[in-house]
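Following numbering that gives the first Met the number 0, the numbering of the sequence shown begins with 0 at its first residue and continues without gaps.
Idealized CB from N, CA, C, for every residue including glycine.
Owing to the predicted nature of the structure, the values given are computational and were not obtained by experimental measurement.
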Amino acid sequence: MPKQPRGYQRTVSTVVIACRQCRGRKIRCDSTRPVCNNCVRRSNVCEYDLVPKRRGPDKNPGTRHRRCKKRPPDDSTITLPLPNKRQRIAAMDRLSSPSDLVPAPLVPIPKYQENTMASDTPSASSSNKPLERSKTRERLQDHSASPYVAVRDFSYASEQAPAHINSSVLQQLDVGVTREQRILVPKSLGVKETQRMWWDTFLEECPLTQIAQDLRYLFTDTGHWLFFLNLEHFTKTLMDSEARLSIQPALIYAGLAMATLMKSSEAEFKAPGRERALWLRDNAAKLIQNSIESEWIDASLAEAALIIALFETSAHPMYNPDRVEQALLTLDFIIRTTSLTTIDSSDPDVLIYPVGCVPMTDPPAEWNHSSDRKCTCLPEPSDAPHAHIAQVPNPYSSWSYIPAWNAGWTDNEVHDEECRRLCWASLSLVCNYVSQCVAFDREPPNFFLLDSANYALLFPGEALDRMSPTYRSSTSSTKESVWALYCRSMLLWNFTNQLRMTVLPDDEKVELIYDAWSEAQSLQDSLRMHTCNLDTVLIYMSREYVYNTQITITQTLRRLQGLGNGPPIFKRKQAEEWLWYQDRVIRTVRSAIDNLGGDEGYQLTRRPYQVTWFANQLSICLLLWDYDRSLKDALVLAKSILVPVEVMTSLWPCAALEHQLEDLRKRLGEACAAEGIEPPVPSNFQIGLLPQWSRVEHD
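This is the structure:
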């Protein structure tokens, strides 16, 4: 179709289609005429097609209906539209030629010096008729299903599109059915041979034991960010020459990239290690793209995408917020395509959140509302001698505990629990990014993972928790575990954040606000019950999401009262509580700085993904002071946070983050001068000769 001039008058159409620019970038378009929000933000020309470009049987309207009405004589059976053998093998050949992705040695730097980015987001065919979740909600771009993902094709009229897929449909995604029914992957002989050839070539350069060792270090040292993998089950699969053919090569590259980056601060592998990590990351991104194009989309690919998203969140030479967003969009697309968030839809204990309603948890009849409730997360050994005790956190190697695994689970049950933890870990990373966007008044993408109505999923560890009474509080609910409260707080904050911008009648919005406030207070009561200190990081983050929820609710009420649409408003009491909890965290980090060569310093020397978090907390302190100039404690805390930020940017050199740090230091100095407070003193931190890490359990 020829390019249309700017003044072209488009025909009014009720069909919602994406503009050409958003389709080219493979991002979601809100279809706003004449210029969508994405094009406004990027100052691009926004062009729409006059009519949708249909594909397949719908390319000529009515053909699908005529075929169903009368079959050709030689079409006695209907089969799935699988690609032919030559196409499948050719697609898998694009997965990578083994010789193109041979691992490079650590020293010297590999020849692959050009860190080219993969395409912004996966190229996947999109259906031209979007799925309408409800008449009052924004339309979500509905990607056409892969023939390897669904067994049957279920079509709905736009006005009949269900909020959740009906239970009859979800039987194909149920935990009780076989893996092949839920997520199908190509299993032709040619594909297996291609995989086998890739592994043979890869293992010639990188020993299997080294791969297992690096991945074990990665998944035991990233806390709540990468807690989804059952290491024993994964190692068993990796060591089996046949079973490992089901592992996505992208997962191997992504895991090695992240593990290498974590060991490549200025205290260890330095610039050569960071260059190698980027090379591994680029190969992982290419493999993810190739798997999507060849329609080999499964949970293993989602795991690889999650690791890459965490990599992009970390401090590295190519760090850029746009790369972070694109990595998260890829992860979001894969999880949506595989329907991993609905694998527990038939479980009687799963929480189902209606569309447009507050994600609330109804208390059971025997719920104990007393203020002196105590958890039993750490039972006495005599009370449960045969219980599956959770892994107790090591304060120097991890900031979170990993929920227990049942040694008696089958492979399918292990896989289901991995999928649950994968989805919640992905939500955690997406929420971390969205919270940054909200704090700095940026518009985040409309991620699929942010909508609580898209979930029919047990919480991490709940499948085991409901079988073991030692992991329950004084009530019989499994929805009050540390991990359950963390997930619930994220869902609630996302809902209130979206409600803030949703156009609804005032009475409906007030009712939703009341329900959200009630749920926030319920979460606060449950968090107060946990005196176990089993996972102080999750408890802290849950409280922060609850505080953010209350702040967002306050802002929404101000808008309803016509008091302005400014940035989020912090009540003084909430701000003081936030500062108090933040100060406790920073005190722990400051003590680690004095012992960078010891166990405590391990929190900083191998945590590249924490650099941006500290910088964001410093920015929030300055925002608090801007809102309330009497909050001088915010500036005092900002000066304390500046020290670990400077130390970590020295450990993880990054031009973008160093520029951001200079701006923050300047703003903090001006604020201190305005309040008559002593300005921050440069830390003058020097790396020096810190000892190399040689701990067997991690290296």
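Own chain partners of residue 435 with C-beta closer than 6 angstroms, once the 5 adjacent residues on each side are dropped: 615
Spatially closest choice to residue 511 from 551, 476, 351, by CA coordinates: 551
Same chain only: Cβ atoms within 8 angstroms of residue 728, ignoring 5 sequence neighbours per side: The structure shown does not extend to residue 728, since the chain spans only 0 to 698, so no value can be given for it.
C-beta atoms of residue 710 and residue 634 nearer than 7 angstroms: Limits of the chain in this structure are 0 at one end and 698 at the other, which puts residue 710 out of reach.
Own chain residues within Cβ distance below 7 angstroms of residue 630, not counting five before or after: 574, 623, 624
Inter-residue CB distance, residue 357 and residue 518 (contact presumed, cutoff 8 angstroms): 6 angstroms
Nearest residue (CA-CA) to residue 530, options 259, 371, 287, 20: 371
Inter-residue spacing [alpha-carbon to alpha-carbon] between residue 30 and residue 18: 7 angstroms
Cβ pair residue 424, residue 227 closer than 7 angstroms: yes
Endpoints, the alpha helix (DSSP H) within which residue 539 is located: 535-559
Three-state class that DSSP yields for residue 47 in the structure shown: coil
Beta carbon of residue 489 nearer than 7 angstroms to that of residue 544: yes
Cut-off 6 angstroms between Cβ atoms - residues of its own chain near residue 217, not counting five sequence neighbours on either side: 254, 257, 258
Contacts around residue 680, its chain only, beta-carbon distance under 8 angstroms, and the 5 residues preceding and following it disregarded: none
Residue from 637, 643, 222 with nearest C-alpha to residue 666: 637
Rounded straight-line distance, which links the Cα of residue 541 to that of residue 576: 13 angstroms
Where the alpha helix (DSSP H) containing residue 624 begins and where it ends: 610-626
Residue 314 and residue 620 closer than 7 angstroms at C-beta: no
Three-state class that DSSP yields for residue 275 in the structure shown: helix
Continuous alpha helix (DSSP H) stretch holding residue 411: start and end: 410-438
Contact set for residue 229: own chain, Cβ-Cβ below 8 angstroms, skip 5 residues either direction: 404, 413, 416, 417
Residue 464 versus residue 561: straight-line alpha-carbon distance, rounded: 46 angstroms
Per-residue burial, residue 459 [other beta carbons within 10 Å of its own, 16 or more giving buried]: buried
Residue interval of the alpha helix (DSSP H) (run including residue 21): 19-24
Where residue 609 falls, given that 16 or more other Cβ within 10 Å makes a residue buried: buried
Terminal residues of the alpha helix (DSSP H) in which residue 348 lies: Careful: residue 348 lies outside any alpha helix (DSSP H) and carries neither H nor E.
Chain-order list of residues whose beta-carbon lies under 8 angstroms from that of residue 522 (same chain, five-residue window excluded): 484, 487, 488, 491, 541, 545
First and last residue of the uninterrupted alpha helix (DSSP H) at residue 254: 248-261
Distance CB(residue 33)-CB(residue 260) smaller than 7 angstroms: no
Which listed residue (515, 481, 410) has its alpha carbon closest to that of residue 496: 515
Assumed close pair residue 428, residue 305 - CB separation to whole angstroms, cut-off 8 angstroms: 7 angstroms
Beta-carbon proximity list for residue 420, same chain, < 7 angstroms, skipping 5 on both sides: 226, 227, 459
Of the residues 214, 579, 232, 481, the one placed nearest residue 409, counting alpha carbons only: 232
Beta carbon of residue 710 nearer than 7 angstroms to that of residue 456: Nothing about residue 710 can be reported from this structure: the residues present for the chain run from 0 to 698 only.
C-alpha distance - residue 272 paired with residue 604, whole-angstrom precision: 14 angstroms
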